[in-house]
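*Asks:*
2 protein chains.
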Amino acid sequence: MQLPSSLLENAVNEFSRLPGIGKKTALRLVLHLLKQETEEVQLFSDTIATMRRNIKFCQRCHNVSDGDICAICANSQRNRQQVCVVENLRDVIAIESTQQFNGTYHVLGGIISPLDGVGPDQLNIETLVQRIAREDVTELIFALNPNIQGDTTIYYIQKKIQQYPCKITTIARGIAFGGELEYADEMTLGRSLANRLPVESYISNR
Amino acid sequence: MQLPSSLLENAVNEFSRLPGIGKKTALRLVLHLLKQETEEVQLFSDTIATMRRNIKFCQRCHNVSDGDICAICANSQRNRQQVCVVENLRDVIAIESTQQFNGTYHVLGGIISPLDGVGPDQLNIETLVQRIAREDVTELIFALNPNIQGDTTIYYIQKKIQQYPCKITTIARGIAFGGELEYADEMTLGRSLANRLPVESYISNR
Numbered sequence: 001m002q003l004p005s006s007l008l009e010n011a012v013n014e015f016s017r018l019p020g021i022g023k024k025t026a027l028r029l030v031l032h033l034l035k036q037e038t039e040e041v042q043l044f045s046d047t048i049a050t051m052r053r054n055i056k057f058c059q060r061c062h063n064v065s066d067g068d069i070c071a072i073c074a075n076s077q078r079n080r081q082q083v084c085v086v087e088n089l090r091d092v093i094a095i096e097s098t099q100q101f102n103g104t105y106h107v108l109g110g111i112i113s114p115l116d117g118v119g120p121d122q123l124n125i126e127t128l129v130q131r132i133a134r135e136d137v138t139e140l141i142f143a144l145n146p147n148i149q150g151d152t153t154i155y156y157i158q159k160k161i162q163q164y165p166c167k168i169t170t171i172a173r174g175i176a177f178g179g180e181l182e183y184a185d186e187m188t189l190g191r192s193l194a195n196r197l198p199v200e201s202y203i204s205n206r
Numbered sequence: 001m002q003l004p005s006s007l008l009e010n011a012v013n014e015f016s017r018l019p020g021i022g023k024k025t026a027l028r029l030v031l032h033l034l035k036q037e038t039e040e041v042q043l044f045s046d047t048i049a050t051m052r053r054n055i056k057f058c059q060r061c062h063n064v065s066d067g068d069i070c071a072i073c074a075n076s077q078r079n080r081q082q083v084c085v086v087e088n089l090r091d092v093i094a095i096e097s098t099q100q101f102n103g104t105y106h107v108l109g110g111i112i113s114p115l116d117g118v119g120p121d122q123l124n125i126e127t128l129v130q131r132i133a134r135e136d137v138t139e140l141i142f143a144l145n146p147n148i149q150g151d152t153t154i155y156y157i158q159k160k161i162q163q164y165p166c167k168i169t170t171i172a173r174g175i176a177f178g179g180e181l182e183y184a185d186e187m188t189l190g191r192s193l194a195n196r197l198p199v200e201s202y203i204s205n206r
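Residue numbers (UniProt numbering), protein chains in the order written: chain A, 1 to 206; chain B, 1 to 206.
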């Protein structure tokens with residue numbers, strides 16, 4: 001694709017470095033911005049740069065935050081004895097939108113994945129161990145994606161905190177609502193059979 | 001979607017104003033930028049703002065350009081007697097990528113569409129008429145999308161320049177390569193029958 005202007009080309013190249021944005025989509029976005037007022041595009045550009053420069057991470061749970069402590073950790077209504085361990089911010093947003101969890105979070109910033117070169121030292125595990133040692137955490141709930149890396153991470157953290165009297169749980173694996181048994185993989189169906197629930201608790205949780 | 005930071009929320013809102021980008025995609029893009037170095041995000045942001053502020057439009061054909069005259073108009077190898085009239089920059093890029101056209105362009109910046117409130121005065125039609133009056137334009141090739149608005153625009157411009165001895169053509173409508181006759185609409189198939197070509201010219205154009 002031959003573009004008639006190097007300014008245009010630079011802008012298209014920058015956009016096409018974003019995930020899921022190819023050259024054609026990038027051009028469409030740039031041509032859209034070209035039609036906007038200069039001030040509006042300046043605002044777009046400033047908002048992005050300001051966000052990156054000024055955003056902070058909560059010193060307690062590593063969630064993104066406007067201040068030193070995030071809104072969830074600062075909220076005295078939340079149960080600080082329950083800590084839900086997640087991979088990233090997107091998982092926090094997903095769990096928050098269920099409105100089913102009133103505890104606090106700990107964002108690992110990734111999961112242990114030797115193939116991708118991610119070891120425990122690159123994750124926020126040390127601060128989690130410190131939280132459990134210093135604060136009165138009674139339950140650690142792992143909400144990691146169900147795969148080898150997730151299980152490895154759970155295993156590693158469990159080993160690190162075994163000396164503390166803290167209950168460790170993980171979110172339930174099973175057949176999703178609206179899912180069909182015949183299309184479920186053997187692993188999910190097998191686990192969901194092994195971890196079957198009394199009907200009363202199933203009904204009361206609906 | 002409840003976001004934990006107003007900085008993040010502003011950035012997501014800015015991204016989701018772009019065409020085809022919803023809230024979820026915007027969040028994915030913002031979280032990607034959050035993982036990049038501050039300098040890289042600053043570069044992204046500066047490139048976009050600089051593009052909008054400094055980009056120029058060719059004074060002759062209204063194509064986007066780094067200078068007062070675009071690279072195509074400035075190129076002495078291009079045939080300035082042929083002017084291809086297009087709606088926007090994207091069409092210029094599409095035609096250029098065929099490498100079949102060696103003339104120059106005139107970018108209207110839209111087409112006449114009373115329903116969308118676009119009249120002839122908002123388009124670059126006056127400068128086109130001036131070009132035909134002053135320059136030695138022998139052929140005007142309309143490459144507009146085949147619809148009512150495109151046809152109206154062709155008709156309007158044709159009326160405006162009828163006093164000048166300039167040949168007026170339009171790109172061929174017909175069955176696309178790889179298209180199938182049975183799925184073509186009646187209008188396209190009808191026109192393509194009415195405008196049938198001698199087989200020799202068809203073969204030599206392949």
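We treat Cβ as the ideally placed atom computed from N, Cα and C, and that holds for glycine. For clarity, every value in this text was computed on a predicted model and none was experimentally measured.
Run the proximity test for residue 192(A): is its beta-carbon closer than 7 Å to any non-hydrogen atom belonging to the ligand FAD?
*Replies:* In terms of ligand content, the structure shown is empty, and the ligand FAD therefore cannot be addressed.
*Asks:* Could I get the ranges of all uninterrupted alpha helix (DSSP H) runs contained in the stretch 69–126 of chain B, with 4 residues as the minimum, in chain order?
*Replies:* As far as the stretch 69–126 of chain B is concerned, its whole alpha helix (DSSP H) runs of at least 4 residues are 71–74, 89–96.
*Asks:* Can you pull the DSSP bridge partners for residue 159(A)?
*Replies:* On the first sequence, position 159 is the one that residue 159(A) refers to. According to DSSP, which records beta bridges pairwise, residue 159(A) is partnered with nothing at all.
*Asks:* Taking a Cβ distance cut-off of 8 Å, strictly less, list which residues of the stretch 83–108 of chain A are near chain B, in chain order.
*Replies:* The stretch 83–108 of chain A vs chain B, Cβ under 8 Å: 88, 89, 90, 92, 93, 96, 97.
*Asks:* In whole angstroms, give me the CA-to-CA distance for residue 182(B) and residue 79(B).
*Replies:* Stepping through the second sequence from its first residue, residue 182(B) is reached at position 182. Stepping through the second sequence from its first residue, residue 79(B) is reached at position 79. Roughly 39 Å separates the two Cα atoms.
*Asks:* Distance, Cα to Cα, residue 27(A) vs residue 87(B)?
*Replies:* In the first sequence, residue 27(A) corresponds to position 27, counting from 1. In the second sequence, residue 87(B) corresponds to position 87, counting from 1. Looking at the two C-alpha atoms, the distance is approximately 16 Å.
*Asks:* Are the CB atoms of residue 195(A) and residue 172(A) within a distance shorter than 8 Å?
*Replies:* To locate residue 172(A), count along the first sequence from 1; it is residue 172. To locate residue 195(A), count along the first sequence from 1; it is residue 195. Going by C-beta atoms, residue 172(A) is nearer than 8 Å to residue 195(A).
*Asks:* How should residue 199(B) be labelled, buried or exposed, when 16 other C-beta atoms within 10 angstroms of its C-beta is the threshold for buried?
*Replies:* Working through the second sequence from its first residue, we reach residue 199(B) at position 199. The residue is exposed, with fewer than 16 neighbouring Cβ atoms inside 10 Å.
*Asks:* Please confirm whether residue 127(A) has its beta-carbon closer than 8 Å to some beta-carbon of chain B.
*Replies:* As a position in the first sequence, residue 127(A) is number 127, starting the count at 1. So no, residue 127(A) is outside the interface.
*Asks:* Could you spell out where the beta strand (DSSP E) holding residue 140(A) opens and where it closes?
*Replies:* Translated into positions along the first sequence, residue 140(A) becomes position 140. It spans 139–142 - the beta strand (DSSP E) in which residue 140(A) sits, taken as one unbroken run.
*Asks:* Taking only beta-carbon atoms, is residue 195(A) less than 8 Å away from chain B?
*Replies:* Here residue 195(A) corresponds to residue number 195 of the first sequence, with the count starting at 1. So no, residue 195(A) is outside the interface.
*Asks:* CA-CA distance, residue 54(A) and residue 174(A)?
*Replies:* Locating residue 54(A) in the first sequence gives position 54, where the first residue counts as 1. Locating residue 174(A) in the first sequence gives position 174, where the first residue counts as 1. Rounded to the nearest angstrom, the two C-alpha atoms are 40 Å apart.
*Asks:* Using 8 Å as the limit for Cβ to Cβ distance, is residue 123(A) near chain B?
*Replies:* Along the first sequence, one-based indexing puts residue 123(A) at 123. Residue 123(A) does not count as touching chain B.
*Asks:* If you check the beta carbons only, do residue 63(A) and residue 33(A) fall under 8 Å apart?
*Replies:* As a first step, residue 63(A) must be located in the first sequence, where it is residue number 63. As a first step, residue 33(A) must be located in the first sequence, where it is residue number 33. Cβ distance not < 8 Å, so residue 63(A) and residue 33(A) don't count as in contact.
*Asks:* Answer yes or no: does any C-beta atom of chain B fall closer than 8 Å to that of residue 113(A)?
*Replies:* Within the first sequence, the letter at position 113 stands for residue 113(A). No, because no Cβ of chain B sits closer than 8 Å to the Cβ of residue 113(A).
*Asks:* List, in order along the chain, the chain B residues whose C-beta lies closer than 7 Å to that of residue 53(A)?
*Replies:* Taking the first sequence and counting its residues from 1, one reaches residue 53(A) at position 53. Within 7 Å Cβ-Cβ: 38.
*Asks:* Applying the 10 Å Cβ sphere with the 16-neighbour rule, what's the burial state of residue 4(A)?
*Replies:* Residue 4(A) sits at position 4 when you count from the first residue of the first sequence. Residue 4(A) is buried by the Cβ-count criterion.
*Asks:* Using a beta-carbon distance below 8 Å, is residue 69(A) in contact with chain B?
*Replies:* Against the first sequence, residue 69(A) aligns to sequence position 69. So, not an interface residue.
*Asks:* At a Cβ cut of 9 Å, what residues of the stretch 13–32 of chain A count as close to chain B, listed as they run along the chain?
*Replies:* The stretch 13–32 of chain A vs chain B, Cβ under 9 Å: 13, 14, 15, 17, 18, 19, 20, 21, 25, 27, 28, 29, 30, 31, 32.
*Asks:* Does any residue of chain B have a CB that is nearer than 8 Å to the CB of residue 76(A)?
*Replies:* The sequence position of residue 76(A) within the first sequence is 76, counting from 1. False, the Cβ-Cβ gap to chain B never drops below 8 Å.
*Asks:* For residue 10(B) and residue 158(B), I'd like the C-alpha separation in whole angstroms.
*Replies:* Translated into positions along the second sequence, residue 10(B) becomes position 10. Translated into positions along the second sequence, residue 158(B) becomes position 158. The alpha-carbon atoms of residue 10(B) and residue 158(B) are separated by roughly 48 Å.
*Asks:* Can you tell me where the beta strand (DSSP E) with residue 168(A) in it begins and where it stops?
*Replies:* Start at 1 with the first residue of the first sequence, and residue 168(A) comes out as number 168. Per DSSP, residue 168(A) belongs to the beta strand (DSSP E) from 167–170.
*Asks:* Tell me which same chain residues have a C-beta within less than 6 Å of the C-beta of residue 106(B), skipping the five on either side of it?
*Replies:* Reading the second sequence from its first residue, position 106 is the one you call residue 106(B). Excluding sequence neighbours, residue 106(B) sits near 61, 83, 85, 128.
*Asks:* Consult DSSP for residue 65(B) and reduce its assignment to one of helix, strand or coil.
*Replies:* In the second sequence, residue 65(B) corresponds to position 65, counting from 1. In the structure shown, residue 65(B) sits in a strand (DSSP, three-state: E or B).
*Asks:* Spatial neighbours of residue 113(A) within its chain, please: CB distance less than 7 Å, with the 5 preceding and 5 following residues excluded, ordered by chain position.
*Replies:* Sequence index remark: in the first sequence, residue 113(A) carries index 113 (1-based). Excluding positions up to five away in sequence, the list reads 149.
*Asks:* Considering only the alpha carbon of each residue, which of 156(A), 77(A), 74(A) lies closest to residue 142(A)?
*Replies:* If you number the first sequence from 1, residue 142(A) lands on position 142. When each option's Cα is compared against that of residue 142(A), the closest is 156(A).
*Asks:* Would you say residue 199(B) reaches chain A, if we count a Cβ-Cβ gap shorter than 8 Å as a contact?
*Replies:* Reading the second sequence from its first residue, position 199 is the one you call residue 199(B). Chain A, which has no Cβ nearer than 8 Å to the Cβ of residue 199(B), makes this no.
*Asks:* Following the continuous alpha helix (DSSP H) through residue 182(A), name the residue where it begins and the one where it ends.
*Replies:* Position 182 of the first sequence, counted from the start, is the residue given in the question as residue 182(A). No alpha helix (DSSP H) contains residue 182(A), which DSSP labels as neither H nor E.
*Asks:* Find the residues of chain A that neighbour residue 10(B), judging by a C-beta separation of less than 7 Å, and give them in chain order.
*Replies:* One-based indexing of the second sequence puts residue 10(B) at position 10. Under the 7 Å cutoff, chain A gives 47, 51.
*Asks:* Sorted by chain position, which residues of the same chain lie with C-beta nearer than 8 Å to residue 43(A)'s C-beta, five sequence neighbours on each side aside?
*Replies:* Residue mapping note: residue 43(A) aligns to position 43 of the first sequence, counting from 1. Nothing listed; no residue qualifies.
*Asks:* Quick one: is residue 66(B) near chain A, going by C-beta distance under 8 Å?
*Replies:* As a first step, residue 66(B) must be located in the second sequence, where it is residue number 66. At least one chain A Cβ lies under 8 Å of residue 66(B).
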